[in-house]
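A quick write-up on the structure given underneath.
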Amino acid sequence: MRCPWCGADDDRVVDSRPADGGSAIRRRRQCAACSRRYSTYERIEDVGLVVRKRDDSRDPFRREKVTAGILKATKNRPVSEFQVEELVDRMEERLRRKGPEVTSEQVGLEVLQQLRKLDEVAYIRFASVYKDFQEITDFERELGTLLKRVPAKRRQRKPKA
Ligand SMILES: [Zn+2]
């Protein structure tokens, strides 16, 4: 580690202790050239969830983005923002268990699965907005099952999803 005082690259660690409640280690170092002391912190690199898209590019999982999509789908539906937050919590937790990398299909299916339990209209809206998911056979099977359960009268008022 380069000394911040004299620039020499020769130090020894004189003390190590946990910092930030155990999420970091603070090392007290002494420069061999000028004898001055400084500290370094060692932390675990941010273990972000990564989403692999259909074109193979990768993006960090963005909670706000998913939340915005769900809020749009639940607009004018009897679903509170709190319920949406809870839904996103649940799906994020499930995705993290599959992580560190998940596909955009996995994210989509997870949203659909959670959304279906919450509100079926929002579920269909979400599905039709995210046209990516329409190509997935799993999803089509899911949607087929759902449409059978929704009474025909209600189905007619809905645009084709
Ligand atoms: Zn120094």
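Heads up: the sequence shown is residues 51 to 211, going by our numbering.
We treat Cβ as the ideally placed atom computed from N, Cα and C, and that holds for glycine.
Since this is a predicted model, take the numbers as computed values, not measurements.
In DSSP terms, what residue i is bridged to
i            : result
alanine 69   : Ala74
valine 101   : Asp109 and Val152
aspartate 61 : Cys81
tyrosine 88  : Arg79
arginine 93  : Ala74
When the options are compared against residue i, the one with the closest alpha-carbon
i              : options                          : result
valine 157     : Glu170, Ala172 and Pro110        : Pro110
aspartate 70   : Cys56, Asp60, Glu92 and Gln80    : Glu92
valine 63      : Ser89, Cys56, Ala83 and Pro54    : Ser89
tryptophan 55  : Arg87, Glu142, Asp65 and Lys115  : Arg87
aspartate 61   : Arg79, Phe132 and Leu168         : Arg79
leucine 168    : Leu121, Arg144 and Glu143        : Leu121
valine 134     : Ile94, Arg113 and Ala83          : Arg113
glutamate 131  : Arg144, Thr117, Glu142 and Pro68 : Thr117
isoleucine 174 : Asp105, Pro68, Gly119 and Arg67  : Gly119
lysine 115     : Ser85, Glu170 and Val138         : Val138
Residues of its chain near residue i, where Cβ-Cβ distance is below 7 Å and the 5 sequence neighbours each way are ignored
i            : result
arginine 146 : Leu99
alanine 172  : Ala123, Thr124, Arg127, Val129 and Leu165
alanine 83   : Cys53, Cys56, Ala58 and Asp60
Residues near residue i by beta carbon distance below 8 Å, same chain, minus five either side
i              : result
arginine 140   : Gln164
arginine 52    : Ala58 and Asp59
isoleucine 186 : Reliability of the predicted coordinates at isoleucine 186 is poor, the pLDDT of 49 falling under 50, and the value obtained from them is presented with this limitation in mind. Around isoleucine 186: Glu155, Gly158 and Leu159.
Own chain partners of residue i with C-beta closer than 6 Å, once the 5 adjacent residues on each side are dropped
i            : result
aspartate 65 : Arg78
arginine 104 : none
* Asked: Do the segment 119-131 and the segment 72-87 touch if we need at least three Cβ pairs shorter than 8 Å?
  -> no
* To do: Would you check if the segment 144-153 and the segment 99-111 touch, i.e. whether three or more CB-CB distances between them fall below 8 Å?
  => yes
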